Ligand SMILES: [Zn+2]
């Protein structure tokens, strides 16, 4: 969620400061809200110090990428993006992680979707970029996706949606934030494919995670 640290003597990049200001506002409801403008100053530092005072014995005034403070401010949580079951076998296979795809195996899990339904973030984090399952052709523009990075560096790709307007750089919460709308796959896969959203998850270090083990 953060590229560099925010706080005392830190990089305080605008994009990172914005994330920290936003999540501090969500957590510290009893305090006056910070202006989410990405500009680091005494109010932002004060809120970091206040938050850390209840979190650690020796606050350092710094919110580091993947550190204890950001992981507590925005815990890694998971949720079913469509609220529906995993796709069962159709003419193209079934949607479980590791299912056969000819010579390959399925690298994610497919959650059945209703075209146009709102899709919720499967993981809490920040939408870091638009992700396209297909490089070219009509589908490249119609069937899109997003990449979300969680506070511990977990990465999650959600495909076959129309991303919500201005979703990139937004902080999202699993099961609450709408990241886009489901798209039908029937224009690309003719013979009775079950419409679904494809979810792929990797750890911060790039190891694949079976989404079904974390999305309950
Ligand atoms: Zn899939």
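In my numbering, the protein residues as written are 599 to 814.
All C-beta atoms, glycine included, are put in the ideal place defined by N, C-alpha and C.
Predicted, not measured: the structure shown is a model, and the values here were computed from it.
Cutoff 9 Å: residue i Cβ touching any chain C Cβ
| i | result |
| --- | --- |
| residue 643 | Reference to chain C is not applicable here, since this structure consists of a single protein chain. |
Three-state class that DSSP yields for residue i in the structure shown
| i | result |
| --- | --- |
| residue 771 | coil |
| residue 691 | strand |
| residue 712 | coil |
| residue 628 | coil |
| residue 758 | strand |
| residue 573 | In the structure as shown, the chain begins at 599 and stops at 814. Residue 573 is therefore absent and cannot be evaluated. |
| residue 792 | coil |
| residue 666 | helix |
| residue 644 | helix |
| residue 606 | coil |
| residue 616 | helix |
| residue 780 | strand |
| residue 638 | coil |
| residue 621 | helix |
| residue 812 | coil |
| residue 649 | helix |
| residue 674 | coil |
| residue 797 | strand |
6 Å Cβ shell around residue i - same chain, five flanking residues per side excluded
| i | result |
| --- | --- |
| residue 610 | 604, 638 |
| residue 768 | 725 |
| residue 697 | 691, 704 |
| residue 719 | 770, 772, 775, 777 |
Buried/exposed call for residue i, threshold 16 Cβ in 10 Å
| i | result |
| --- | --- |
| residue 599 | buried |
| residue 711 | buried |
| residue 645 | buried |
| residue 735 | exposed |
| residue 763 | exposed |
Any non-hydrogen atom of ligand 1 within 8 Å of residue i CB
| i | result |
| --- | --- |
| residue 688 | no |
| residue 708 | yes |
| residue 778 | no |
| residue 794 | yes |
| residue 704 | yes |
| residue 693 | yes |
Per DSSP, cross-strand counterpart(s) of residue i
| i | result |
| --- | --- |
| residue 590 | For residue 590 there is no data in the structure shown, the boundaries of the chain being 599 and 814. |
| residue 703 | 698 |
| residue 723 | 770 |
| residue 661 | 604 |
| residue 753 | 747, 800 |
Residue i Cβ short of 8 Å to ligand 2 heavy atom set
| i | result |
| --- | --- |
| residue 801 | Among the ligands present in this structure, namely ligand 1, ligand 2 is not found. |
Residues near residue i in its chain [Cβ-Cβ closer than 7 Å; skip 5 each side]
| i | result |
| --- | --- |
| residue 670 | 653 |
| residue 740 | 781 |
Proximal residues to residue i (C-beta, below 8 Å), its chain only, five neighbours per side dropped
| i | result |
| --- | --- |
| residue 634 | 616, 619, 620, 623 |
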